[in-house]
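See below for the structure under consideration.
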Amino acid sequence: MMIHHNMLIDIYSTGIEIWLTWLSVALTETFKKAPNFQRDITTFNDAFYNLGKDQFFSFAASIFCLVGFVYSNSLDSARAINGTDDDVDLIVGGTLAAAGEFPFTALLRRSGSFFCGGTLISPSVIMTAAHCLISVPASSTSTLQVTVNTLSASGGTGSEVRSVNKFLLHPNYNSATKQHDIALMALSSPITTVTPVQLPYFSDIGNTFEGQLTAIAGWGTTSSGGSVSSNLLKANVNIVSNSVCRRQYKRGPSIFGIIFSSSFYSTEMMCAAAPGKDTCQGDSGGPLLFGRFQVGITSFGRGCADPNYAGVYTRVTNYLGWISDTQRKILL
């Protein structure tokens, strides 16, 4: 249906206040857990323009995204990672990781600045979240650097540092719904001094791990918009049932078809939570570990350690086939 100019006047007069109110909430609550605001603007753009609406919707989306860009930039300093913070906390509710406890956990830098986590899954391959790399051009791999076997964000004795030759995002990654949030990176040379993390077995496909105690680790912030850590921290969280997570992340109110809250897709995602503990900005791409097995990849959440919302992780068992095939491709 075409929307005529007279209708636009009425819609703007009744709708602009609603847009601005939802904007202040949506931009802070739907950001994924990495300090990369450009990807969030991309997320909103994708969500709007994939609607396939008429010119009015495109125009309205442009205004919305422009205001969102200004708003997100006003928050950028609060979430910027400058590498000089001395706070020893990171993951919300975390404690210091022990030497050798998570040697496969990777710290990712872009142009020298920390921006995400990851894991070493084979001597030459790092697994991370697709949203961490969505804004990195394929021609800019030279700006990426990976460090493993380190507790300190600045590296240190025994740490292994590599550049990145290539990376591949899951072909079906959707920045609006956050589905298929997984990517692999090929390192410039193998890391032979660190044992890679153990991936689940194919026989684990279909296992929800509901109620199981798991571990999270990273160098992210201690609270939403807080400071990042100079040391690797860990915390224990329990896997939340699919039904509970689905209720928490049910689709919220929408305006002209624009959904402001994330949906939970149990095939591709899993949730984990514990009182006062969660991953946060900067932890994206890092591991969710059940014993020695990585069952999840830190993806997104509603704030950090919000008691009403569990953290959401990419369900690794759903991607075992893709991981196996893509490792071969990326190393060619």
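Be aware that the sequence shown starts at 1, since it is given in full-length UniProt numbering, and climbs by one per residue. For every residue, glycine included, the Cβ atom is placed at its ideal position computed from N, Cα and C.
query                                                                                                             : result
Inter-residue Cα distance where the pair is residue 232 and residue 124                                           : 22 Å
Residue interval of the beta strand (DSSP E) (run including residue 110)                                          : 105-110
Residue 328, buried or exposed, once every other Cβ within 10 Å from all chains shown has been counted against 16 : exposed
Alpha carbon of residue 115 to alpha carbon of residue 212, nearest angstrom                                      : 29 Å
Every unbroken alpha helix (DSSP H) inside the stretch 127-177 [4 residues or more]                               : 130-133
Euclidean distance between Cα positions of residue 298 and residue 316                                            : 11 Å
Residue 340 vs residue 271 beta-carbon contact at 8 Å                                                             : This structure does not reach residue 340, given that the chain is present from 1 up to 332, and the question cannot be answered.
Assigned secondary structure, residue 248 (DSSP; H/G/I helix, E/B strand, else coil)                              : helix
Simplified DSSP state of residue 92, which is helix, strand or coil                                               : strand
Beta-carbon spacing of residue 197, residue 160 below 8 Å                                                         : no
Reduced DSSP category for residue 318 - H, G, I as helix; E, B as strand; rest coil                               : helix
Helix, strand or coil at residue 238 [DSSP, three-state]                                                          : strand
Burial state of residue 308 (16 or more Cβ within 10 Å)                                                           : exposed
Stretch pair the stretch 167-180 + the stretch 203-219: three plus CB contacts closer than 8 Å                    : no
Residue 200 versus residue 319: straight-line alpha-carbon distance, rounded                                      : 10 Å
Residue 102 versus 165, 314, 292 and 304, residue with shortest Cα-Cα distance                                    : 292
Assigned exposure category for residue 247 - 16 Cβ within 10 Å defines buried                                     : exposed
Backbone CA spacing between residue 184 and residue 323 [nearest angstrom]                                        : 8 Å
Selection from 92, 127, 321 and 99 that minimises the alpha carbon distance to residue 285                        : 127
Buried versus exposed call for residue 119 [16 or more other C-beta atoms within 10 Å across all chains shown]    : buried
Beta strand (DSSP E) runs contained entirely in the stretch 258-293, provided each spans 3 or more residues       : 269-273 and 287-290
Cβ-based neighbour list, residue 155, same chain, cut-off 7 Å, excluding 5 preceding and 5 following              : 147 and 161
DSSP three-state assignment for residue 203, whether helix, strand or coil                                        : helix
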